[in-house]
Amino acid sequence: MKKIQYILTTPIKQQRADFIEWRALQYKCASLRLDKFCTYDSLIRWIGKSQNPDDIRACVKRHEYRTDLINAPYDSFCKNFNPNNIYGACNEEFCPFHQRNNEFFSVLKRYESAINSQRNFWNNKINQH
């Protein structure tokens, strides 16, 4: 009902402005999503067969798993890294990946904020009118 009321009572000029704002928010989310993947990729270090993973410092250690049928990488994580926790930035300052880790979580927070803004955008606009 409120959607119909928004369409009928909001001037077309304002509806266009709202739609332009919505599209800008979509582009921002897409850009931050790409930034999230790029900063995550900067945390990865490939581990060779002859290397001991315990001797390697990285947030994400990517191992190559090969069989006759597949060639698939698998990841193991540093004990201080949890990519599923938005507030899980590393506090180990002497790690060579510390700055990259903090950048990843900074982008992740901005991305989550933009996604939440996008989810609530139309409800907020409709409830304003």
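Quick note: the sequence shown uses the working numbering, first residue 28, plus one each step.
Think of the CB as a built atom: it goes at the ideal place given N, C-alpha and C, for glycine as much as any other residue.
Here the structure is a predicted model, which means the values were calculated and not measured.
When burial is assigned at 16 or more other CB atoms within 10 Å of the CB, is residue i buried or exposed?
i     : result
Leu70 : buried
Leu35 : exposed
Asp45 : buried
Ala85 : buried
Report the partner residues of residue i according to the DSSP bridge assignment.
i     : result
Val87 : Ile71 and Phe104
Taking residue i and residue j to be in contact with their CB atoms under 8 Å, please state how far apart those CB atoms are, rounded to whole angstroms.
i      : j      : result
Ser144 : Leu59  : Not confirmed; about 11 Å, so no contact.
Asn79  : Phe108 : The Cβ separation is near 19 Å, so there is no contact.
Could you pull the start and end residues of the alpha helix (DSSP H) that residue i belongs to?
i      : result
Gln126 : His125 to Gln155
Tyr114 : No alpha helix (DSSP H) contains Tyr114, which DSSP labels as neither H nor E.
Lys30  : Lys29 to Thr36
I'd like to know if residue i contacts chain D, where contact means its C-beta is closer than 7 Å to some C-beta of that chain.
i     : result
Arg89 : You won't find chain D in this structure, because it holds only one protein chain.
> If you pair each beta-carbon of the segment 40–55 with each one of the segment 82–94, do three or more pairs fall below 8 Å?
Replying inline: no
> When the Cβ atoms of the segment 99–117 are set against those of the segment 131–145, are three or more pairs found closer than 8 Å?
Replying inline: yes
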